[in-house]
Amino acid sequence: KNEVEQSPQNLTAQEGEFITINCSYSVGISALHWLQQHPGGGIVSLFMLSSGKKKHGRLIATINIQEKHSSLHITASHPRDSAVYICAALSGGYNKLIFGAGTRLAVHP
Amino acid sequence: ETGVTQSPTHLIKTRGQQVTLRCSSQSGHNTVSWYQQALGQGPQFIFQYYREEENGRGNFPPRFSGLQFPNYSSELNVNALELDDSALYLCASSSGGSPETQYFGPGTRLLVL
């Protein structure tokens, strides 16, 4: 079993839909990252959170430390949101990132 | 733009060869981490350097080695390349705090034939 599990693996949505991506982890963490990766490979950090909830534009990330679970929500999805979304647990004394396998999101007009 | 650059962007090598990948950190960052991302998978931690010393290592064999220079730029060296080394190699820089955001470079795509 992987230390960081994401679901779903693939997600297709129509423009405007509300999207949720889930992440569960089994390791102790100091924080959890949500990252976005576009075709070609570049990774952008969306959020780093260690408790509660963060919001940036149409993106919302929540984390429940007791349940070792985090969610990324996208409101009013748009085709430009199409990308791979990865959660990564920041773990270990030297801030090692342990990545989930990613969720491939396709938003159609 | 994260301010982290990597070179080259693409590289083709043959089995048994050696390769050096380079990463230039964001200004002011003294920590760099390297990750390997095989096709369709999430990245895997290779190692981290902090102020020119290896600070942690993932489950990669010794033929994966690294360096960090006084200006905090970094190299990843892979000896005796194997077909399974074909992947996207990502570096990420950070300022050394805990916890902290890591800033990723665009990656180097390595193909081993």
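If you read the sequences in order, they're chains F and U.
Note that the working numbering has the first sequence beginning at 1, numbered continuously upward.
Note that the working numbering has the second sequence beginning at 1001, numbered continuously upward.
In this text, a Cβ means the ideal position worked out from N, Cα and C, and glycines have one as well.
Distance between residue j and residue i (C-alpha atoms, nearest Å)
| i | j | result |
| --- | --- | --- |
| residue 40 of chain F | residue 1058 of chain U | 25 Å |
| residue 1020 of chain U | residue 24 of chain F | 35 Å |
| residue 83 of chain F | residue 9 of chain F | 12 Å |
| residue 98 of chain F | residue 54 of chain F | 21 Å |
| residue 4 of chain F | residue 63 of chain F | 14 Å |
| residue 1003 of chain U | residue 1087 of chain U | 22 Å |
| residue 1025 of chain U | residue 57 of chain F | 28 Å |
| residue 1052 of chain U | residue 2 of chain F | 31 Å |
| residue 1078 of chain U | residue 1070 of chain U | 21 Å |
| residue 67 of chain F | residue 45 of chain F | 23 Å |
Pair within 8 Å by beta-carbon distance, residue i and residue j
| i | j | result |
| --- | --- | --- |
| residue 101 of chain F | residue 6 of chain F | yes |
| residue 71 of chain F | residue 19 of chain F | no |
| residue 36 of chain F | residue 85 of chain F | yes |
| residue 1048 of chain U | residue 1022 of chain U | no |
| residue 1014 of chain U | residue 1108 of chain U | no |
| residue 1065 of chain U | residue 1032 of chain U | no |
Exposure of residue i, with buried meaning 16 or more beta-carbon neighbours within 10 Å
| i | result |
| --- | --- |
| residue 1085 of chain U | buried |
| residue 74 of chain F | buried |
| residue 1112 of chain U | buried |
| residue 1080 of chain U | exposed |
| residue 65 of chain F | exposed |
| residue 27 of chain F | exposed |
| residue 114 of chain F | Chain F is shown only over 1 to 109; residue 114 of chain F falls outside these bounds and no answer can be derived. |
| residue 1039 of chain U | exposed |
| residue 1076 of chain U | buried |
Residue i at chain C interface by Cβ criterion, 8 Å
| i | result |
| --- | --- |
| residue 1104 of chain U | Annotation note: the requested chain C is absent from the structure, which comprises protein chains F and U. |
Contact set for residue i: own chain, Cβ-Cβ below 8 Å, skip 5 residues either direction
| i | result |
| --- | --- |
| residue 1035 of chain U | 1043, 1044, 1045, 1046, 1089, 1090, 1091 and 1092 |
| residue 1054 of chain U | 1047, 1048 and 1066 |
| residue 1011 of chain U | 1019, 1021, 1108, 1109, 1110 and 1111 |
Sequence-distant residues of its chain with Cβ nearer than 6 Å to residue i (five each side left out)
| i | result |
| --- | --- |
| residue 61 of chain F | 34, 47, 49, 54 and 72 |
| residue 12 of chain F | 106 |
| residue 1100 of chain U | 1094 |
Beta-carbon contacts of residue i that lie in its chain and below 7 Å, excluding the five residues immediately before and after
| i | result |
| --- | --- |
| residue 16 of chain F | 76 and 77 |
| residue 109 of chain F | 15 and 79 |
Q. At which residue ranges does the stretch 72-109 of chain F contain complete beta strand (DSSP E) runs of 3 or more residues, listed in the order of the chain?
A. Listed in chain order, the complete beta strand (DSSP E) runs (minimum 3 residues) inside the stretch 72-109 of chain F are 83-91, 96-99 and 103-108.
Q. Going along the chain, which unbroken runs of the alpha helix (DSSP H) with 4 or more residues stay wholly within the stretch 1011-1049 of chain U?
A. You should have found no qualifying run.
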